[in-house]
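**Q** Starting off with a structure, shown below.
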């Protein structure tokens with residue numbers, strides 16, 4: 211099922227059911243800070259549940275994103 215279909219089906223729900231769905235989603239999938247996301251990813255890598263692939267030409271950061279990534283890597287000592 212694609213996102214448009216899901217959105218269409220959710221719009222058809224009564225308001226009370228949409229609120230219940232929203233509450234369930236927030237509880238089931240809480241918003242994480244960047245720090246928490248990175249910590250979770252680090253744990254997944256360390257335990258072997260996630261093996262990141264190297265960047266490719268299609269997903270390599272460019273422009274401001276690249277500058278930011280390099281700055282953060284430098285701050286964390288990852289450029290060595």
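Residue numbers (the numbering used here): 211 to 290. Just so it is clear, CB atoms sit at the ideal spot from N, CA and C, and this is done for glycine as well.
#1: Whole angstroms is fine: what's the gap from residue 222's alpha carbon to residue 286's?
#2: How about residue 260 and residue 254: do their beta carbons lie closer than 7 Å?
#3: Excluding sequence positions up to five away, which residues of its chain have a Cβ less than 6 Å from the Cβ of residue 211?
#4: Give the straight-line distance between the Cα atoms of residue 217 and residue 282, rounded to the nearest whole angstrom.
#5: Tell me the rounded alpha-carbon separation between residue 225 and residue 277.
#6: Would you kindly report the start and end of the unbroken alpha helix (DSSP H) that includes residue 249?
**A** The structure says:
#1: 47 Å
#2: yes
#3: none
#4: 36 Å
#5: 44 Å
#6: 244–256
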